[in-house]
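Residue numbers (the working numbering), protein chains in the order written: chain W, 21 to 331; chain S, 21 to 331.
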């Protein structure tokens, strides 16, 4: 990747996404001891940064590929993002969702025009169901986080943030599957080489933290965290980028996530998902090291179920 | 009031308030059947439009008056607004709060530098306690909604909204004490005479609705609504403005308030208080009449207690 090729991606996806605002708050700055700039992807189309990667991935398919549709397996934001991005581009999206997925999420995917297939709730079943659709329809499989075009698309949020605030000392993202963190780290390495990229990760799903330590992709035996977007593991496309360009991954407890979540909701007056609070919690945990610096936070999304809030 | 004198107020208070953003959403527009522009006073300093009126009222005091401080009785946003506005202007704020006020609100007022006096939870006790401070300290009493300078200050939100979107067909606000509605109606009559001003009011606290019908200020015997900022009644300063310039007040049920609240939270991804949802609920109830029009909503504030949400 070069700066120019990354700028080309920004330009290509621009008509299909929102340029989201960057918000800040004096009260938050006082609490954090530094200047915090929230890149608000909760205001992105369909409510999360995943719209960027999904759009870029579809745009990079050939006309012939697009005519046959795209397929993914996801119970989360990527399912909705791929459905909406596909619809915007006149492409059919096949979405494999586990039978354990909440009806509200299935309805959301259908609302964006995705064609839903329900499968048993194991990774093996999900992969096999997606593979069957690939074979039957000739649809192109797009992974939610371990795909170069998806990773590059996710990085455009950081590029916009750095365009607005070129002098950031650090950027924090949450880390789940590694698409957002990988894209952010790659973008920052090109556009702001002096800006350190950090991630926050739940103690209860600390696979990425352990992966950086061991040098190989680790998995979680369990993942009992309110940050339900972060239960997934890194992949072979984003792990090398993260190894090269991410300064450190910080673990945060469930209590710290909840406290950070409440701070953002009550002080910023914006709805963010628990995964986004993980990044802010990681900053708060390291506030001494970041004192008086300029710190960006990628707010990953704002899709929450009001009937199942953690407070 | 003239346009110029209103613009002077805008200019005078500008250094002490935020110019809040106007937000919109295609999903909300689809649901409402019109173009909706939310003036986001939830992002105002201390989280509500009350900051505008409090600031304007203090700025209109003489130096001598300011030196002796200001006093009000309020358990809500005006208590915090007056405290913060006073602190910004180097003025002492005495706040009389009922013993029934939640500790979190008392702490918030103290956090903004207000000097709190607790009194028994009746209007008579509140008024007497405030009067005693007026007499003892020589402080100027400022009413939360029935004060010309407060009313004019609240109207500046509508002026900003109309500066950003001059062609609005209608503006909706909630109505409680009548300060926001009166100020908005007065401002719109000067800056956009063709723009109709409407209010939403809870069925459970319908005093303003009945006041417009009867031609005199009515009160509520009870006010069992989740829109806790709207339990107060109109006053002799704002009622004549409302009679002259407000097109209609629409009543909404608690269910309609809750549904509107959830729509704003989940679709706009912003935290607004139930009182703000009352204005949007009133729009939704009258969507046929407003079809394809451009409609502004003054989002009154975003101070909510996450541990006591209505869902």
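Beta carbons: idealized from backbone N, C-alpha and C, even for Gly.
Since we're looking at a predicted model, the values are computed, not measured.
Quick check on residue i - is its C-beta less than 7 angstroms from some C-beta in chain S?
i	result
residue 70 of chain W	no
residue 338 of chain W	Because chain W spans 21 through 331 in this model, residue 338 of chain W falls outside it and cannot be assessed.
residue 211 of chain W	no
residue 331 of chain W	yes
Is residue i buried or exposed, if buried means 16 or more other CB atoms sit within 10 Å of its CB?
i	result
residue 235 of chain W	exposed
residue 87 of chain W	exposed
residue 265 of chain W	buried
residue 22 of chain W	exposed
residue 125 of chain W	buried
residue 338 of chain W	Residue 338 of chain W cannot be examined here, being either before or after the span of chain W that is shown, 21 to 331.
residue 123 of chain W	exposed
residue 175 of chain W	buried
residue 268 of chain W	exposed
residue 14 of chain S	Outside the modelled stretch of chain S, which goes from 21 to 331, sits residue 14 of chain S, for which no answer is possible.
residue 216 of chain W	buried
residue 309 of chain W	exposed
residue 40 of chain S	buried
residue 140 of chain W	exposed
residue 64 of chain S	buried
residue 80 of chain W	buried
Do we get a CB-CB distance below 7 angstroms when we pair residue i with the residues of chain W?
i	result
residue 131 of chain S	no
residue 62 of chain S	yes
residue 291 of chain S	yes
residue 98 of chain S	no
residue 326 of chain S	yes
residue 322 of chain S	yes
Tell me the rounded alpha-carbon separation between residue i and residue j.
i	j	result
residue 259 of chain W	residue 36 of chain W	28 angstroms
residue 84 of chain S	residue 159 of chain S	10 angstroms
residue 322 of chain W	residue 97 of chain W	10 angstroms
residue 212 of chain W	residue 192 of chain W	14 angstroms
residue 207 of chain S	residue 93 of chain S	26 angstroms
residue 331 of chain S	residue 128 of chain W	20 angstroms
residue 229 of chain S	residue 222 of chain S	9 angstroms
residue 305 of chain W	residue 238 of chain W	24 angstroms
residue 153 of chain W	residue 114 of chain W	8 angstroms
residue 251 of chain S	residue 301 of chain S	17 angstroms
residue 169 of chain S	residue 200 of chain S	12 angstroms
residue 104 of chain W	residue 134 of chain W	8 angstroms
residue 132 of chain S	residue 47 of chain W	11 angstroms
residue 182 of chain S	residue 188 of chain S	7 angstroms
residue 30 of chain S	residue 110 of chain W	47 angstroms
Could you tell me whether the Cβ atoms of residue i and residue j are closer together than 7 angstroms?
i	j	result
residue 282 of chain W	residue 329 of chain S	no
residue 196 of chain W	residue 76 of chain W	no
residue 106 of chain S	residue 90 of chain S	yes
residue 60 of chain W	residue 43 of chain W	yes
residue 218 of chain S	residue 57 of chain S	no
residue 220 of chain S	residue 298 of chain S	yes
residue 165 of chain W	residue 198 of chain W	yes
residue 74 of chain W	residue 101 of chain W	yes
residue 95 of chain W	residue 117 of chain W	yes
residue 171 of chain S	residue 205 of chain S	no
residue 52 of chain S	residue 307 of chain S	yes
residue 62 of chain S	residue 55 of chain S	no
Report task. Decide if the segment 302-321 of chain S is in contact with the segment 310-319 of chain W; the criterion is three or more beta carbon pairs, one per stretch, under 8 angstroms apart. Result -> No, because fewer than three Cβ pairs between the segment 302-321 of chain S and the segment 310-319 of chain W fall closer than 8 angstroms, the two stretches do not touch.
Query raised in the report: Is the segment 265-279 of chain W close to the segment 246-254 of chain W, with three or more CB pairs under 8 angstroms?
Result: Contact holds: three or more Cβ-Cβ distances are below 8 angstroms.
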